[in-house]
Each structure stands twice: as structure tokens, then as C-alpha cells.
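The C-terminal residue of the sequence shown carries number 219 in numbering that gives the first Met the number 0, and the numbering is unbroken.
All C-beta atoms, glycine included, are put in the ideal place defined by N, C-alpha and C.
Report on one structure; see the data block that follows.
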Amino acid sequence: MIRAVVFDVGECLVDETREYGTWADWLGVPRHTFHAMFGAVIAQGRDYRETFQEFRPGFDLHEEREKRAAAGQAETFGEGDLYTDVRPALARLRADGLWLGIAGNQTVRAGRILRELFSGDVDLIGTSDDWGASKPDLEFFKRVAEAVPYDVDEILYVGDRCDNDVRPAGQAGMHTALVRRGPWATVQWDSAEARELPTFRVESLLELSQRIDRFNGSVR
């Protein structure tokens, strides 16, 4: 039985196109060049942060985030960056009586934005900076499980990555859903992990309500 649904942030709820475009600008490289390298790094199974190293060896992401903030160019996102299915999907799941949460690898600054956007829509907003644990570390998913008032096998974790979301959440004992959007899901969609590991594979978050209802009906 699935009683709680917890969502990843980047490329699950938030379209990060604008964010990565501003990083290309900060590095002083054409956006299409940055995006091409970003995709190549992901396709090679490397950490996305290595993209920055390709353009500026020794690049420190945390340090550069602080420099951007000091320069008045802090990373940000807002209502206009949400995927169009996010609001109606959350409303539908809430109407279904499900407990809802948001938890991802995000900074304290991003956590504040998430709370401004979603505090009235979900029961939990947690970030890696809040918890001192980052995906795919199982400690992150342990923190999620501790924050949810249901058993770990009653939680559905929804994300766009097999490596950071589906695999470790499954190892932690949760059900999982892989949503097909963003660079990671696009690259990984036809892999054996993407086909075999998720409880659900969805093209839109709007599919979750029906899929969960059907799943719960089969285990009653």
C-alpha cells in the first residue's frame, strides 16, 4: 500500500533549463556548448559536476555559488520554472488522501524557495543541506523515511534518475517512480535499470494518481 509520495526537485518538479543556462553565462561559454557537454557527461555515466571542470579545471561549485550570490546572480527558480503538470498532480494526489513531501539535493537557498512555493501543498520539504546527507547516499533516504509518518514500504519516491533516485530509494525499501523528462531520464530511459527497477514509469506526474490507486487496489 502506498500512503505517501515524496518528490525529487530538479527535473522532477523544476525544469532546470534556465538554471543551467545561467551557469553557461557565468562560465562565459555558449549555452548550446554547455548543454552539449552536460549531455555528454551524463551519457558517459559521469557526475554532472564534471561538466564545469571541462570548461574550468578546478571549478568549485559551492564556492562559485557563493560568488554568484555575492554578485547578485544567485541560482534561483520560481513558479514559471515548474513543469506544467506539477500543480495539478499535487492537487490530485492530495485529493486522493495521500501524504506528500518534497526532498532533494538542494541548497539552503533553494529550500527557502521551495517553502515559498509549496508550503501549502505538501507535508514535508527537506533538502540535503538541511539533513547533511545527499543522494544517492542511503542516509538521505533514511532521513526521508524518518520524516514520513508511515512505514518505509508505504512511501513512493518520485524522481528523474535511476542512479540518484530510483536505485537508492529502492534499496532503502521504498517504492519508486521514474518520470521521463530532463537529461538524465532521457539518457537512461531505455537502460535495464530504468526498465526493471521502478515500481512505475511515467511520462507525466498526472499519471501517478491512477497508477497508485491501481497499485493499492491490487494489494488490498
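Asked                                                                                                                                                                   : Found
Taking D159 as the reference, which of L89, R48, K134 and H34 has the closest Cα?                                                                                       : K134
Look at the alpha carbon of F37 and the alpha carbon of L155, and state the distance between them as a whole number of angstroms.                                       : 29 Å
Closest by CA to D80, which one among L89, G57, E15 and I211?                                                                                                           : E15
Between the C-alpha atoms of C11 and V178, what's the straight-line distance to the nearest angstrom?                                                                   : 7 Å
Please list, in chain order, all residues of the same chain as G100 whose beta carbon is under 8 Å from its beta carbon, the five residues on each side excluded.       : A3, V4, V5, F6, V121, D122, L123, I124, G125, V143, A146 and V147
Who are the near neighbours of Y82 in its chain, counting only those whose CB is closer than 6 Å to its CB and skipping five residues on each side?                     : D14
Excluding the five sequence neighbours on either side, which residues of its own chain have a C-beta within less than 8 Å of the C-beta of D137, listed in chain order? : It should be noted that the sequence gives Leu, not Asp, for residue 137. Cβ neighbours of L137 beyond the five flanking positions: P167, Q170 and A171.
If I'm right that L204 touches V85 with Cβ under 8 Å, what's the distance once you round it to whole angstroms?                                                         : 6 Å
Kindly indicate the opening and closing residues of the alpha helix (DSSP H) around Y19.                                                                                : T16 to L26
Run the proximity test for D159: is its beta-carbon closer than 7 Å to any non-hydrogen atom belonging to the ligand ATP?                                               : You won't find the ligand ATP in this model; it holds no ligand whatsoever.
Considering only residues of the same chain and omitting the five flanking positions on each side of A88, which have a CB-CB separation below 7 Å?                      : L204, L205 and L207
T50 lies in the alpha helix (DSSP H); which residues open and close that run?                                                                                           : E49 to F54
For the alpha helix (DSSP H) containing G216, list its first residue and its last residue.                                                                              : L207 to V218
Would you kindly work out how many angstroms separate the C-alpha atoms of K141 and A132, rounded to a whole number?                                                    : 10 Å
Here's a check: name, in chain order, each residue in its chain whose Cβ is nearer than 8 Å to the Cβ of D95, leaving out the five neighbours to either side.           : S208, I211 and D212
Quick check: what's the CA-CA separation for A42 versus V186?                                                                                                           : 6 Å
Output the distance between the C-alpha atoms of W25 and G44, rounded to the nearest integer angstrom.                                                                  : 25 Å
Measure the Cβ-Cβ separation of V201 and A176 and say whether it is below 8 Å.                                                                                          : yes
Can you grab the Cα-Cα spacing for the pair C161 / T75, in whole Å?                                                                                                     : 25 Å
Determine, using beta carbons only, whether A39 and R30 come nearer to each other than 8 Å.                                                                             : no
Between I1 and the rest of its own chain, which residues show a CB-CB distance below 7 Å, the 5 nearest in sequence each way excluded?                                  : E153, L155, H174, I211, F214 and N215
Which residues in the same chain as R48 place their Cβ atom closer than 7 Å to its Cβ, once the five residues preceding and following it in sequence are excluded?      : L60
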